Amino acid sequence: MSTQISVVCNQRELVMTVRAHEVASAEQIEDWVEQFHRRGYLFLEGVLPAETVATLREDLNDVLRDEPPRTGGSQIQLHPRMFETSAANLSLSDMEPIVSFAEALVEPTCDVEGFDELDVDCWFRGDPAPTIRQVAGHCRRINEVDTTLPVIINANGRLMDGGHRLARALLDGRKTILAVQFEEMPEPDQIEELA
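Using the working numbering, the first residue of the sequence shown is number 317, and each one after it goes up by one.
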């Protein structure tokens, strides 16, 4: 079953076809992410079947009737987390193309201060003490690093690659850094015994 999605870009309307519950093309997802960042929202007409929308409305009305929003004297309203009480809301977390868009929109990050390697000698390994030339070499790499690349973390949460990117994030005062983590470590190509 195909659904027509209408998106208005730069005062002209584009109509895209997305099959319900199928992943949209990488190009389409990229376009949606770009639109979201440009406008602050994404409107995809017809992605949810009418019966799903009706169920979502019904679930929301039930929650609001049973537990009206609390305002506490301000304009901010606190609502319950719908995924905890609504199976229809929870199902949105694995419904295509919503999940592919969300995964593309949210970049995985880690807390910069959470890395033990910040306080461990990862580059010089003790004896002899590093020379000014060696320190300057690392400073150059830190200054020239590509901050759009993620650090790589092993399955145990240890930094495998990206020490210079991590140092740059620390120097720049950033709280988070892009990161990817192995779920399990790949088998080594070769194992060498150290004498």
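Glycine included, every Cβ here is placed at the ideal spot set by N, Cα and C. Values in this document were obtained by computation on a predicted structure and should not be read as measured data.
First and last residue of the uninterrupted alpha helix (DSSP H) at residue i
| i | result |
| --- | --- |
| Val379 | Ala366 to Asp382 |
| Leu406 | Ala403 to Ser407 |
| Gln497 | Counting along the chain, Gln497 falls outside any alpha helix (DSSP H), though it belongs to the beta strand (DSSP E) covering Thr492 to Gln497. |
| Val451 | Ile448 to Glu460 |
First and last residue of the uninterrupted beta strand (DSSP E) at residue i
| i | result |
| --- | --- |
| Val415 | Run containing Val415: none in the beta strand (DSSP E); it sits in the alpha helix (DSSP H), Ile414 to Leu421. |
| Ile345 | Per DSSP, Ile345 belongs to no beta strand (DSSP E); it is in the alpha helix (DSSP H), Ala342 to Arg355. |
| Ile507 | No beta strand (DSSP E) contains Ile507, which DSSP labels as neither H nor E. |
| Leu475 | Leu475 to Asp477 |
| Val436 | That residue, Val436, is in no beta strand (DSSP E); it is neither H nor E in DSSP. |
Within 7 Å, strictly: CB atoms of residue i and residue j
| i | j | result |
| --- | --- | --- |
| Asn470 | Phe498 | yes |
| Asp375 | Ser407 | no |
| Asp477 | Ile468 | yes |
| Val349 | Leu434 | no |
| Phe417 | Ile345 | yes |
| Leu358 | Gln351 | yes |
Own chain, CB closer than 7 Å to residue i, minus 5 neighbours either side, in chain order
| i | result |
| --- | --- |
| Arg457 | His480 |
| Ala404 | Thr368, Thr371, Leu372 and Asp375 |
| Ala342 | none |
CB-CB length for residue i against residue j, believed under 8 Å
| i | j | result |
| --- | --- | --- |
| Pro413 | Ala340 | 4 Å |
| Met398 | Val379 | 7 Å |
6 Å Cβ shell around residue i - same chain, five flanking residues per side excluded
| i | result |
| --- | --- |
| Glu500 | Ala471 |
| Ala485 | Val428 and Ile493 |
Close-in-space but distant-in-sequence residues of the same chain around residue i (CB under 8 Å, 5 per side omitted)
| i | result |
| --- | --- |
| Gln506 | none |
| Pro446 | Trp439 and Phe440 |
(request) Answer yes if the segment 482-495 comes into contact with the segment 423-431, meaning at least three C-beta pairs across the two stretches below 8 Å, and no otherwise. (result) In this structure the segment 423-431 lies against the segment 482-495, because at least three pairs of beta carbons, one per stretch, are closer than 8 Å.
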